[in-house]
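Here's the structure, in structure tokens; my notes come after.
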Amino acid sequence: MTEGAAPAWPAASPPAIEVGLNAAIVAVEKNAPLILVIEPVQPERFESLPFGPFDPLRHRTMEIGLREWVAAQTELRLGYVEQLYTFGDRGRHAEPGDSAPHVMSVGYLALARMSADAADALARSHAQWRPWYDYFPWEDWREHEPRLIASIILPRLEAWCAEAVDPLRAESRRDRVRIAFGGDELPWDEERVLDRFELLYEAGLVEEAIRDGRAPARTRTGGAHLGRPMLHDHRRILATAISRLRGKLKYRPVVFELMAETFTLTELQRTVEAISGRRLHKQNFRRLVEQGELVEPTGGSSLSTGGRPAALFRFRREVVQERPAPGLRLGVRA
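Next up, the structure:
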């Protein structure tokens with residue numbers, strides 16, 4: 236080798252990696268936050284988020300690719316789209332004996348309005364809308380604190396904390412539980428959806444942990460009833476999307492991507508409650524909307540409430556140019 240020349244490293248095979256795009260597509264109907272899922276073709280498989288490959292020769296950007304295949308598969312026209320995170324952990328798609336390329340997925344949050352015209356396309360794609368609280372039943376606080384938190388989740392998490400051999404590790408786990416689920420004067424924070432799901436996964440309390448052979452899950456059974464499981468790590472991607480959307484409500488007017496062109500203030504409040512998982516005081520909510528100058532009256536009214544006519548409003552789009560963070564600052568749940 237010539238002095239000063241770079242060493243000749245042996246040629247390596249190119250890594251077997253594919254890049255895919257996962258979409259957590261959210262809509263709201265009848266006060267229920269819905270997520271679009273793909274039904275499994277094989278009985279032993281699980282529901283998944285919509286997924287399509289990224290083709291760098293065809294798609295100038297990943298978002299263009301995402302919008303293109305969602306439109307082709309479902310006839311849905313997405314509104315707001317935001318990249319979440321790249322999910323590329325080893326084993327996220329692995330199965331025993333699997334030698335296929337490793338799949339890295341770029342997760343997206345996408346918002347859509349319900350469309351009757353897309354029903355046939357969804358059926359052809361084996362896709363359907365399903366309430367996202369089917370997957371995270373402990374996240375819906377609109378009526379009251381979900382009973383399974385006190386009766387199932389917290390006792391099992393405390394047992395997991397007590398299993399730690401190191402006392403400092405046990406206390407660290409308890410701190411995480413307190414922060415994620417509230418307690419000791421810490422409030423419930425609706426944005427910590429991902430933190431709560433990852434705790435349940437680490438403790439072996441959800442079906443995905445049992446399926447993946449997580450050590451804590453080997454000694455317990457009965458995780459499947461803690462929410463509806465999904466394929467691979469798709470429930471983790473969905474938890475990331477819900478966390479992001481709940482936080483986004485407070486400083487961006489993204490909720491209007493889920494609303495019809497005109498709406499009543501009650502319909503707007505019910506949509507915000509559906510997404511945030513919390514009940515809001517009617518007068519306080521309307522004061523937030525008025526102070527934020529987010530909507531303007533249309534002059535029309537709706538008779539769909541069954542009572543006296545309710546005034547119709549529309550999103551005042553100029554607010555986006557008027558200030559940098561026009562959202563609904565809901566505050567912390569007491």
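To get our numbering, take the position in the sequence shown, counting from 1, and add 235. C-beta: ideal position from N, C-alpha, C; glycine also.
DSSP, reduced to helix, strand and coil, places Met339 within a strand of the structure shown. Rounded to the nearest angstrom, the Cβ distance from Ala356 to Glu420 is 50 Å, too far for a contact under 8 Å. In the three-state DSSP reduction, Gln318 falls in the strand class (E or B). In this structure Thr475 touches Leu319 by the C-beta definition: roughly 5 Å separates them, less than 8 Å.
Taking C-alpha positions only, Gly482 is separated from Phe491 by approximately 15 Å. Between Glu528 and Val554 the beta-carbon gap is near 6 Å, inside 8 Å, which marks them as a contact.
A direct Cα-to-Cα measurement between Ala415 and Gly535 gives close to 44 Å.
The region 471-536 is shown to contain whole alpha helix (DSSP H) runs of 4 or more residues at 500-511 and 517-527, in chain order. If you draw a 10 Å sphere on the C-beta of Asn257, you find 16 or more other C-beta atoms in it, and that means buried. Taking the Cβ atoms as the reference, Leu473 lies roughly 14 Å from Ala262, outside the contact range of under 8 Å.
Under the three-state reduction of DSSP output, Trp423 falls in the coil class, being neither helix nor strand.
Out of Leu434, Glu496 and Thr296, the CA that lies nearest to the CA of Gly255 is found in Thr296. By the CB criterion at 7 Å, Pro285 and Ile273 fall inside the cutoff. Out of Val338, His294, Gly314 and Trp304, the CA that lies nearest to the CA of Asp468 is found in Val338. Residue nearest to Tyr343 within the set Asp352, Gly300, Glu380 and His379 is Gly300 (criterion: CA-CA distance). Counting along the chain, Phe550 sits inside the beta strand (DSSP E) bounded by residues Ala545 to Phe550. The three-state secondary structure of Pro285, taken from DSSP, is coil. Arg449 and Glu279 have their C-alpha atoms spaced approximately 20 Å apart. A Cβ-Cβ contact shorter than 7 Å links Lys485 with Arg564. Counting the other Cβ atoms within 10 Å of the Cβ of Leu547 gives 16 or more, which makes it buried. By the CB criterion at 7 Å, Gly512 and Glu425 fall inside the cutoff. Just so you know, the alpha carbons of Asp447 and Arg463 end up roughly 16 Å apart.
The beta carbon of Phe289 is closer than 6 Å to those of Val254, Leu256, Met297 and Gly300 in its chain, skipping five residues each way along the sequence. Selection Glu393, Gly418 and Pro402 evaluated against Leu434 yields Glu393 as nearest (Cα-Cα). A straight-line Cα-Cα distance of about 7 Å links Glu437 and Ala444. Beta-bridge partners of Gly418 (DSSP): Leu421.
When the alpha-carbon of Ser283 is set against those of Trp367, Asn266 and Ile388, the nearest one is in Trp367.
Distance from the CA of Leu440 to the CA of Pro451, rounded to the nearest whole angstrom, comes to 8 Å. Taking C-beta separations shorter than 7 Å and ignoring five residues to either side along the sequence, the partners of Ala405 in its chain run Cys396, Ala397 and Ala399, following chain order.
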